[in-house]
Amino acid sequence: IIEPGISLLEIDKIAEDFAYKNKAKPAFKGYHSYPASICLSVNNVVVHGIPNNYVLKSGDILGLDYGIELEGYFGDSAITVPVGDVSPESLQLIEVTRRSLEIGIENATMGSRIGDISYSIQHYVESFSYSVVRNFVGHGIGKKLHEEPPVPNYGLKGKGIKLERGMVLALEPMVNAGGPETLVLADGWTAVTKDGSLSAHFEHTVAITKNGPRILTHPDLSLS
């Protein structure tokens, strides 16, 4: 589906239809007046890009952030994908961001602290001379889309609240190829890198269990 020639509005329609066909609701639509069912962030857009008539072209990178509400509970996930043929630099940014989420999840264990997740993501990302966004963070999730606690992508080991069995967190590193600073455009939603550099975003909803972290938004997960 994500290929040169498709518009952001077309992708939004697909996302909205998917939710309703599965007896769910798009979590973002109408949330604080957000106008769409999915956030689509192209190139230097960090997060919260509003779908419009823009047509994807080869060389773009696209962040898709999608949340649903099903039977009173929320899930939230994000992925960044290349469109057509992209530069090696773009592919590396995507891969580092994806791997940083994996590392964060590996540290989401009972008895650990929020800072252990935060530090692990920041340390990995900065080893590639990228920067983690600080103005936007992960969060608790459950019967509301955004719950306590906040989960920054930067921090210190051993700091923050202790992770307990049954907690559910939306972990979401947002990584800039340049500096960490962001600006929000006049629409009140679209956040872009201040220096115009590329940005990537990955996210999973993760449950803290006695057997380790469980990724609830993994496409292969069966709840049957």
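Going by our numbering, the first residue of the sequence shown is number 35, and it counts up by one from there. By construction, the Cβ of each residue, glycine as well, lies at the ideal position given by its N, Cα and C atoms. The structure presented is a predicted model; accordingly, all values stated were derived computationally and were not measured.
Residue burial annotation: residue 125 is exposed, with fewer than 16 other C-beta atoms found within 10 angstroms of its C-beta.
For the pair of segments examined, the segment 67-77 was found not to touch the segment 209-220: the number of CB pairs separated by less than 8 Å stays below three. When rounded, the separation of the alpha-carbon atoms in residue 42 and residue 88 is 6 Å.
Bridge pairing for residue 165: 210 [DSSP]. About 6 Å separates the beta carbons of residue 84 and residue 70, which is inside the 8 Å limit, making them a contact pair.
Taking 7 Å as the cut-off, the Cβ atoms of residue 225 and residue 80 count as close. Scanning its chain for C-beta atoms nearer than 6 Å, with the 5 sequence neighbours on each side dropped, one finds around residue 102 the residues 53, 58, 61 and 109, in chain order. At a Cβ-Cβ threshold of 7 Å, residue 127 and residue 197 do not count as neighbours.
A straight-line Cα-Cα distance of about 7 Å links residue 206 and residue 235. Considering only 182, 50 and 227, the residue with the shortest C-alpha distance to residue 168 is 227.
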